[in-house]
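**Q**
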Amino acid sequence: MFNNKTVIKAFAAALILISGTATASLSVLEKAEQYRVKEGSALVKCDVELFKGDELIKTRKFHVYTNTDSRSLIVFKSPADAGQKVLMKGKSYWMFMPKSRRPIRITPMQKLLGEAALGDIATLSWSKQYKIVDQKTENKTINLTLEAKNSSASYQKIELKLNSEDYFPISAALYLRSGMLSKVAEFERGKRDGQDAVVKMLLIDNMKSNLKTVINYNDVKTVDIPNKFFNPQILVRSDLEKLLTD
1 MFNNKTVIKA
11 FAAALILISG
21 TATASLSVLE
31 KAEQYRVKEG
41 SALVKCDVEL
51 FKGDELIKTR
61 KFHVYTNTDS
71 RSLIVFKSPA
81 DAGQKVLMKG
91 KSYWMFMPKS
101 RRPIRITPMQ
111 KLLGEAALGD
121 IATLSWSKQY
131 KIVDQKTENK
141 TINLTLEAKN
151 SSASYQKIEL
161 KLNSEDYFPI
171 SAALYLRSGM
181 LSKVAEFERG
191 KRDGQDAVVK
201 MLLIDNMKSN
211 LKTVINYNDV
221 KTVDIPNKFF
231 NPQILVRSDL
241 EKLLTD
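Per this note's numbering, the sequence shown starts with residue 1, numbered consecutively.
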C-alpha cells in the first residue's frame with residue numbers, strides 16, 4: 001500500500017522531470033535561434049525577393065534593427081521606398097513616411113500583409129515570444145509546437161522542425177490567430193563569420209496562390225542600439241545615423 005510520503009515523492013519526481021524537460025526544450029529553442037541572430041541587439045541587412053511562380057517580380061532592401069525586448073525597427077533602403085520606416089514595439093506598430101511629421105499606426109494584421117510582410121522580415125524571437133506546448137522526435141528531426149505568449153507575436157502558433165543533431169532550423173509552419181495556416185518558412189544553411197547560420201529563408205504563402213518570398217540575410221552584426229531608437233516621437237524628427245552616434 002502506498003503511504004502519503006510515497007505519493008508525495010512520486011509527485012515531486014514527476015514535477016522535476018516535467019520541469020527538466022521544459023528547460024531542456026527551451027534550451028534547444030534558444031540554440032536554434034542563435035543560427036538566425038545571436039543574442040543581444042543586432043543590425044540585419046537583407047534583400048527580399050518576391051516571386052510569382054518562378055518569375056522574379058520585385059526586389060527590396062531592408063535594414064532591421066532588433067533587440068531583446070520585442071522591439072524592431074525596419075528601415076526601407078530601396079530607392080523606391082527610401083526613407084520609410086516601420087517600428088514594432090510590443091503590441092504597437094507605426095509606419096513613418098519621409099515627408100510626414102506624424103507616425104501612422106498600423107494594425108497587427110497589416111504588418112503580416114503585403115508583398116514583403118513586415119512580421120516576417122523582423123526577427124521573430126521563438127524563445128521569448130512563444131512557449132513550447134508539444135515536442136516529438138522522429139527521423140532525426142525535432143518537431144516543436146509553439147504557442148504565442150501574448151497577442152504581440154506575429155503568429156499565434158508555429159510548428160517548428162529542427163535538426164536533432166545540432167538543432168539547426170529546417171522549417172516552420174506559421175499559423176494566424178484564426179487557426180489558418182498563413183505561410184511555411186524553409187531555412188537555408190550557410191556560413192557567416194565561419195560558423196553555420198541561416199543565410200536565406202524561403203516563405204511560401206498559403207493564402208496567395210503561387211507567391212513566394214525569399215529573404216536573403218546578407219549581413220548580421222551585433223550593434224549597440226540606444227533606447228531612443230525605438231521611440232516614435234524621436235524617430236519622426238531625427239536622423240537614424242545621428243541617433244546611433246549620439
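Glycine is no exception: its CB is placed at the ideal position from the N, C-alpha and C atoms.
If you're wondering where the values come from, they're calculated on a predicted model, not measured in any experiment.
Under a Cβ-count criterion, where at least 16 other Cβ atoms within 10 Å of its own Cβ denotes burial, should Lys85 be classed as buried or exposed?
**A** Residue environment: Lys85 is assigned as buried (16 or more neighbouring CB atoms within 10 Å of its CB, all protein chains considered).
**Q** Is the beta carbon of Glu147 sitting closer than 8 angstroms to the one on Gln156?
**A** yes
**Q** Distance, Cα to Cα, Asn139 vs Tyr65?
**A** 37 angstroms
**Q** Determine the burial state of Thr213: buried for a count of at least 16 other Cβ atoms within 10 Å of its Cβ, exposed for fewer.
**A** Under this definition Thr213 is a buried residue.
**Q** Do Asn206 and Lys221 have their beta-carbon atoms positioned less than 8 angstroms apart in this structure?
**A** In this structure, Asn206 does not lie closer than 8 angstroms to Lys221 by Cβ.
**Q** Can you tell me where the alpha helix (DSSP H) holding Leu160 begins and where it ends?
**A** First-last for Leu160: Lys157 to Asn163, but that is the beta strand (DSSP E), not the alpha helix (DSSP H).
**Q** With DSSP run on the structure shown, which of helix, strand or coil describes Val198?
**A** strand
**Q** Which word fits Ser92, buried or exposed, when buried means at least 16 other C-beta atoms lie within 10 angstroms of its C-beta?
**A** exposed
**Q** Per DSSP, what are the beta-bridge partners of Pro169 in this structure?
**A** Leu162
**Q** At the level of alpha carbons, what is the spacing between Ser100 and Leu56?
**A** 31 angstroms
**Q** I need the straight-line Cα distance from Lys161 to Asn143, nearest angstrom please.
**A** Going by the C-alpha atoms only, they are around 5 angstroms apart.
**Q** Taking the alpha-carbon positions, what's the Ala22 to Ile132 distance?
**A** Residue confidence is low: Ala22 scores 43 on pLDDT, short of 50, so the model does not pin down where it sits. Its coordinate-derived value is still stated next. Approximately 8 angstroms, taken between the alpha carbons.
**Q** Roughly how many angstroms separate the alpha carbons of Pro169 and Pro232, rounded to a whole number?
**A** 33 angstroms
**Q** Below 8 angstroms on the Cβ atoms is my guess for Glu33 versus Ser125; work out the distance and round it to an integer in Å.
**A** Yes, they are in contact, since the Cβ atoms of Glu33 and Ser125 sit about 7 angstroms apart, within 8 angstroms.
**Q** Which of the three DSSP states is assigned to Leu56 in this structure?
**A** Strand at Leu56.
**Q** Count the other C-beta atoms from every protein chain shown that fall within 10 angstroms of the C-beta of Ser209, then say buried if there are 16 or more, exposed otherwise.
**A** With fewer than 16 Cβ atoms within 10 Å of its Cβ, Ser209 is classed as exposed.
**Q** Within its chain, find whatever has a CB closer than 8 angstroms to the CB of Thr141; leave out the 5 residues flanking it on each side and keep chain order.
**A** Lys161, Leu162, Asn163, Ser164 and Ile170
**Q** In this structure, what does DSSP give as the bridge partners for Met88?
**A** Residue pairing from DSSP places Met88 in a beta bridge opposite Ser72 and Tyr93.
**Q** In terms of alpha-carbon separation, which member of Gln135, Met201, Tyr130 and Thr137 lies closest to Ser154?
**A** Tyr130
**Q** From Leu235 to Glu39, what distance separates their C-alpha atoms?
**A** 24 angstroms
**Q** Determine the extent of the alpha helix (DSSP H) in which Ile250 is found, giving its start and end residues.
**A** Beyond the ends of the chain as shown, which are 1 and 246, falls residue 250; an answer cannot be given.
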